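Below is one structure; the comments refer to it alone.
In UniProt numbering, the protein residues as written are 1 to 227.
See below:
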């Protein structure tokens with residue numbers, strides 16, 4: 001009976017212990033629920049911060065892109081203005097080049113015209129005297145013979161060749177003028193020799209006369225049958 005009484009006494013302790021266990025379990029559940037509620041409150045705040053950070057980063061990049069785009073647009077505008085300026089300058093240069101080409105063409109025409117006029121004036125101008133010294137007698141005689149045989153020309157201009165002798169020699173040669181004129185009429189070959197002699201070639205023979213009177217006597221006697 002005493003043991004049973006003790007056992008009966010222990011039962012309330014067990015009940016009390018069970019009650020404590022239940023109380024602890026209920027308290028643990030209460031804490032778990034509180035933590036969940038706290039986490040649910042923290043999560044939206046964290047998401048909002050991340051979202052704000054991402055949006056801030058994106059806005060910063062968009063701002064930089066917008067600044068870059070504006071800079072590119074300004075640069076493009078400046079380039080277009082420069083291109084327009086260059087095009088205007090090119091048009092001006094082309095106009096100047098066309099004007100210069102026309103001026104050059106006109107100058108060429110005027111130059112050619114003046115050249116033709118100068119050539120005409122030179123052709124009709126007074127002949128210029130040139131003194132040529134020939135070192136060899138044969139060459140001098142050859143030149144004089146060519147002068148007698150045909151008219152000499154240079155670029156369409158007549159070239160007259162005269163022996164360069166002293167006034168006394170020329171005077172003596174002029175004394176043969178009548179004899180030379182008569183010989184030309186008779187078509188007889190003849191020439192003046194230095195200093196003052198007349199050579200007449202007839203029948204493959206040459207005769208030299210020292211005075212005009214001797215030459216005229218020969219012409220009037222030996223050559224009279226040729227007239």
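Just so it is clear, CB atoms sit at the ideal spot from N, CA and C, and this is done for glycine as well. No experiment lies behind these values; they were computed from the predicted model shown.
Practice item. Could you check how far apart the C-beta atoms of residue 186 and residue 223 are, in whole angstroms? I think they sit under 8 Å. Key: As a first step, residue 186 is located in the chain shown; it is residue number 186 there, counting from the start. As a first step, residue 223 is located in the chain shown; it is residue number 223 there, counting from the start. Confirmed, about 6 Å.
Point to revise | Closest Cα partner of residue 155 within the set 119, 103, 65 | key: By one-based count along the chain shown, residue 155 stands at place 155. Checking every option, the nearest Cα to that of residue 155 belongs to 119.
Check your understanding: With C-beta atoms as the reference, is residue 207 less than 8 Å away from residue 218?
Key -> Taking the first residue of the chain shown as 1, we reach residue 207 at position 207. Taking the first residue of the chain shown as 1, we reach residue 218 at position 218. Their beta carbons are under 8 Å apart, which means residue 207 touches residue 218 by this criterion.
Check your understanding: Where residue 171 and residue 212 are concerned, what is the direct C-alpha to C-alpha distance, given to the nearest angstrom?
Key -> On the chain shown, residue 171 is found 171 positions in, with the first residue counted as 1. On the chain shown, residue 212 is found 212 positions in, with the first residue counted as 1. Straight-line Cα distance between these residues: approximately 12 Å.
Exercise for review: Give me the Cα-Cα distance between residue 107 and residue 93, rounded to the nearest whole angstrom.
Suggested key: Here the question's residue 107 lines up with position 107 in the chain shown. Here the question's residue 93 lines up with position 93 in the chain shown. Rounded to whole angstroms, the separation of the alpha carbons of residue 93 and residue 107 is 20 Å.
Review point. Any idea which residues DSSP pairs residue 205 with across the strands?
Key: Sequence index remark: in the chain shown, residue 205 carries index 205 (1-based). 202, per the DSSP bridge assignment.
Review point. When the Cα of residue 163 is compared with those of 177, 178, 132, which residue comes out closest?
Key: Taking the first residue of the chain shown as 1, we reach residue 163 at position 163. The shortest C-alpha separation from residue 163 is found at 132.
Check your understanding: From residue 140 to residue 146, what does the alpha carbon distance come to, in whole angstroms?
Key -> For the purposes of this step, residue 140 is taken as residue 140 along the chain shown, with counting starting at 1. For the purposes of this step, residue 146 is taken as residue 146 along the chain shown, with counting starting at 1. Distance between the alpha carbons of residue 140 and residue 146 is about 10 Å.
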